[in-house]
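To keep things clear, I will list the structure first and then write my remarks on it.
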């Protein structure tokens, strides 16, 4: 089940790093930037440039996705099983992507729905030492400001 904090994380940071298993048995990782929460047990992304990911899921529907708030240095790992919806089977979901991403939704060729089986919070080690979210955000705002003045 996706708790409210994980749902909020995905809504605010819809870039998920999707791990699948390739034909050779090796792990494959691909970023997908169109994630939406469908309900408390399902998330999904729109397939625009996901041919390798879809091929991997066709052989093995097991998937793990990481979502990260880079300023708070917190996130979530979501594991589950994926189902690829195409054509008419995705038509009822597509308006949700159009509402969020407008015309980009016209490029979606399929929707990958992930039935959530497991959610694990992710944090960085400074939290173990007592760092606060406010301190982490301030630190990473400063780091990003140096990189992108």
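Residue numbers (the numbering used here): 17 to 165.
Ideal Cβ placement from N, Cα and C applies to all residues, glycine included.
For residue j and residue i, the rounded distance between their alpha carbons
i           : j           : result
residue 122 : residue 134 : 31 Å
residue 124 : residue 62  : 5 Å
residue 58  : residue 114 : 18 Å
residue 159 : residue 90  : 16 Å
residue 142 : residue 152 : 8 Å
residue 157 : residue 120 : 29 Å
residue 72  : residue 27  : 26 Å
residue 162 : residue 145 : 25 Å
residue 164 : residue 104 : 43 Å
residue 29  : residue 118 : 17 Å
Residue from the options whose Cα sits closest to the Cα of residue i
i           : options           : result
residue 85  : 163, 162, 149     : 149
residue 31  : 96, 60, 68        : 60
residue 140 : 130, 98, 92, 116  : 92
residue 87  : 72, 155, 67       : 155
residue 138 : 83, 120, 54, 162  : 83
residue 20  : 55, 48, 41        : 55
residue 48  : 42, 69, 41        : 69
residue 96  : 165, 105, 29, 136 : 136
residue 42  : 109, 75, 118, 22  : 75
Beta carbon of residue i nearer than 8 Å to that of residue j
i           : j           : result
residue 34  : residue 100 : no
residue 50  : residue 44  : no
residue 128 : residue 107 : no
residue 130 : residue 94  : yes
residue 116 : residue 18  : no
residue 39  : residue 66  : no
residue 25  : residue 112 : no
residue 78  : residue 102 : no
Interface flag, residue i vs chain C, CB-CB below 8 Å
i           : result
residue 132 : Here chain C cannot be found, since the structure has a single protein chain.
Any beta strand (DSSP E) of 3 or more consecutive residues that is wholly inside the segment 56-138 | The segment 56-138 contains these whole beta strand (DSSP E) runs: 58-63, 78-85, 90-101.
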